[in-house]
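Each protein sequence line maps, in turn, to chains A and B. Take the first sequence: its letter number 162 is residue 342 in the working numbering, and every next letter is one higher. Take the second sequence: its letter number 88 is residue 268 in the working numbering, and every next letter is one higher. In this text, a Cβ means the ideal position worked out from N, Cα and C, and glycines have one as well. This one's a predicted model, so the numbers in the text were calculated from it and none came from an experiment.
There are 2 protein chains.
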Amino acid sequence: MERLEVRELVYFTAVAEELHFGRAAARLGMTQPPLSRAIQQLERRLGVALLERGSRRVALTEAGAVLLRESRAVLDAASAAARRTRRAGRADPRLVLVIKPGGDGGLLPAILDAYQAEPGALPVELVCSFGEREILLREGRADAALLHRPRHDLTGLDTQDLMTETQLLVMPSSHRLAGRTRVCLDDLAGEPLPRWPGASEGGSHGPEVHDLGQLLHLIALGRMVAVLPSSIRDQLRADLVAVPVDDAEPTTLVLAWPEHATSPALAAFVRAAAAVAGKATGHGG
Amino acid sequence: MERLEVRELVYFTAVAEELHFGRAAARLGMTQPPLSRAIQQLERRLGVALLERGSRRVALTEAGAVLLRESRAVLDAASAAARRTRRAGRADPRLVLVIKPGGDGGLLPAILDAYQAEPGALPVELVCSFGEREILLREGRADAALLHRPRHDLTGLDTQDLMTETQLLVMPSSHRLAGRTRVCLDDLAGEPLPRWPGASEGGSHGPEVHDLGQLLHLIALGRMVAVLPSSIRDQLRADLVAVPVDDAEPTTLVLAWPEHATSPALAAFVRAAAAVAGKATGHGG
DNA sequence: GCCTTTCCATACCCGCACGGTATCGTCGCG
DNA sequence: CGCGACGATACCGTGCGGGTATGGAAAGGC
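The structure is reproduced here in structure tokens:
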């Protein structure tokens, strides 16, 4: 069984994405002929046609589509491997935790305290980031992240549930729904909801939002409303109102980390977080 | 950022596993000097020490241990990519489903029928295999598998629950517990339980077992007992008895497939299986 | 219908890096 | 102190990855 090389996968990915040998070669910083040969050789070694070459157009075969997807997985794994190794070799070991400002459900201080009490705890570096936080984990840029299920895609990650919250509709006090004690999702038809960077799917049609202060400001200005976990209640400005959304799926705050991670520092952090979460749900409900 | 090549990862994995450059080189079918240089170059490019060389012993550094784990992931992904691509390019497209004989909970015929009724259904190739069935999925040798949660490790796989079953203790009619109407796990202390190939963890201390007929035979001979999902009741020999185990965690039969799979044939199969399972729990409970 | 344009494939050449052989340096042990 | 084991270094050849030049086929314009 012939080996499959990373370089070949990079080449193939470029061609498969461009569907054009010339452009792909330019993107790779090389010329077209060696690229053509590399792809041919790849096809020969796999014994499979990956591309249909019309003289004017290039298209993926079924097998080519499969290899494109698989290649991305391999390349992601490879660059994550490099990054994680480099980070593990750094002289100043740290635990990188990525959070969304305001998205910690108020548990973070207690978790950090509990972690620092663990033996062998490392300094924790907090990275604040909005959209696409799970990507930082998959890329090997961070050790752990606070995410929300089901909002985030958790495939390929291991997780520890921390706390489940109902969701609130946050709006200016002048809003037509501000007097209600509860609303349901149908009431929100036509309301401008925030668009989170990276989540370009349907439904959200308001302006794009990058930070919690900005979001609350825009809500206060009447430009939009938002459905948020109930723990943000503590952080609301005086000019905003929040009422429960009855039929919004509850959101679970989870601690997530890359599958198969073995670092004892991470294990200690997960232990600490689980302990804090257990205590919190223990009293609080 | 320098590229990380598959060849280098193969080399490093060999050295990291052997902890000996000479043996690693032999295993790779090459001589020692180029191997040493390749590892040095890898360390230089990553800017990290991977191995501690004593003159008499080689040991992994912290970063080396990380890279070993990551390398295995990358290499697994790469060979899975090759296999999946080759299979996608085959002239006779088939859907490969791996099952454990007797482990289908009786749902399989209905699922296969429902799938064949789907538009564009492919011929289904059944592969029977005992231990380590999930590995066939991860290696790209199969499209889907019937597995049991929590018995199998499902990380890295997408799943569809099919049916949840309580578990039964299966034993010869002469067994000391054969007269009981129910037992609990503590009653089984000291009983020889089957060892499944690949699951070498504690608790199971009986002979290794590779197939259901063999297992039932050994039980009938009084050599062991087993805790099995209740759907095997239909397949029991007359000389065996089965009673519920009260505190054994219920087992869920799941259909599993590699994450991010996009094949329409697989999607249709999942749909068919979900429909059958929904109907089954609909009447049966 | 022919010429042009636009691609990918082929032919040929070169340099480098990968792998081999020979040897050294170093540590541990008798 | 000398020998053996093992990784590192030195040096060399060759195969392969990449470059330039050119061929060849198909689509489009006049």
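Listed in chain order, the non-local C-beta contacts of L435 of chain B below 7 Å within the same chain comprise A324, L326, T339, Q340, L342, V450 and A453, local neighbours out to five positions each way being set aside. In the three-state scheme derived from DSSP, where H, G and I count as helix and E and B as strand, V304 of chain A is classed as strand. Of all residues in the segment 328 to 346 of chain B, those with a C-beta nearer than 8 Å to a C-beta of chain A are T335, G336 and D338, reading in chain order. Between E182 of chain B and R225 of chain B, the C-beta gap is smaller than 8 Å, which places the two residues in contact. Between M404 of chain A and P372 of chain A, the gap from beta carbon to beta carbon is short of 8 Å.
Considered as a whole, the segment 350 to 438 of chain B harbours 406 to 409, 420 to 424 and 431 to 438 as its complete beta strand (DSSP E) runs of no fewer than 3 residues, in chain order. Look at the beta carbons and you see the segment 275 to 284 of chain B touching the segment 293 to 310 of chain B: at least three pairs across the two are nearer than 8 Å.
DSSP places E298 of chain B in the coil class of the three-state scheme, outside both helix and strand.
At a Cβ-Cβ threshold of 8 Å, A400 of chain A and P352 of chain A count as neighbours. Around the Cβ of D414 of chain B, a 10 Å sphere holds fewer than 16 other Cβ atoms; the residue is exposed. Beta-bridge partners of D272 of chain B (DSSP): none assigned. L184 of chain A places its beta carbon less than 8 Å from that of A258 of chain B. Residue contact with chain A for H440 of chain B: present (Cβ-Cβ distance below 8 Å to some residue of chain A). The beta carbons of S410 of chain B and Q347 of chain B sit closer together than 8 Å.
The DSSP assignment places complete beta strand (DSSP E) segments of no fewer than 3 residues inside the segment 182 to 269 of chain A at 231 to 233 and 238 to 240, in order along the chain.
Nearest neighbour of D366 of chain B by Cα position, chosen from B:R263, B:L317, B:G300 and B:A428, turns out to be B:A428.
Bounds of any alpha helix (DSSP H) do not take in E312 of chain B, whose DSSP letter is neither H nor E. Residues of chain A whose Cβ lies closer than 7 Å to the Cβ of T193 of chain B do not exist; the shortest such Cβ separation is about 11 Å. Annotation for R329 of chain B: the continuous beta strand (DSSP E) segment containing it runs A324 to R329. The beta carbon of E185 of chain A sits closer than 8 Å to some beta carbon of chain B. For the C-beta of L226 of chain A, the chain B residues within less than 8 Å are, from N- to C-terminus, A262, T265, R266 and G269. Restricting attention to A:A196, A:G320, A:L222 and A:S216, the CA atom closest to the CA of R263 of chain A is found in A:G320. Pairing R331 of chain B with V350 of chain B, the inter-Cα distance amounts to about 18 Å. Judged by DSSP secondary structure, E345 of chain B falls within the beta strand (DSSP E) whose first and last residues are L337 to E345. Here L446 of chain A carries a helix assignment [DSSP, helix/strand/coil].
Contact check between the segment 225 to 234 of chain A and the segment 190 to 205 of chain B: fewer than three CB pairs, one atom from each, fall below 8 Å, which does not count as touching.
Between L392 of chain B and E242 of chain A, the alpha-carbon positions lie close to 38 Å from each other.
No Cβ of chain B is located within less than 8 Å of the beta carbon of A452 of chain A. E250 of chain A is positioned such that its CB atom lies closer than 8 Å to that of A260 of chain B.
Of all residues in the segment 243 to 255 of chain A, only A243, V246, L247, R249, E250, S251, A253 and V254 place a beta-carbon less than 7 Å from a beta-carbon of chain B. Pairing A422 of chain A with L433 of chain A, the inter-Cα distance amounts to about 20 Å.
Among the residues facing chain B, A229 of chain A is included, as its CB has a counterpart in that chain under 8 Å away. Straight-line spacing of the CA atoms in H355 of chain B and T361 of chain B works out to 13 Å.
If you draw a straight line from the Cα of A457 of chain B to the Cα of D293 of chain B, it comes to about 13 Å. A straight line joining the alpha-carbon of D256 of chain B with that of L287 of chain B spans about 32 Å.
In terms of beta-carbon proximity, A445 of chain A stays away from the interface with chain B, with every pair separated by 8 Å or more.
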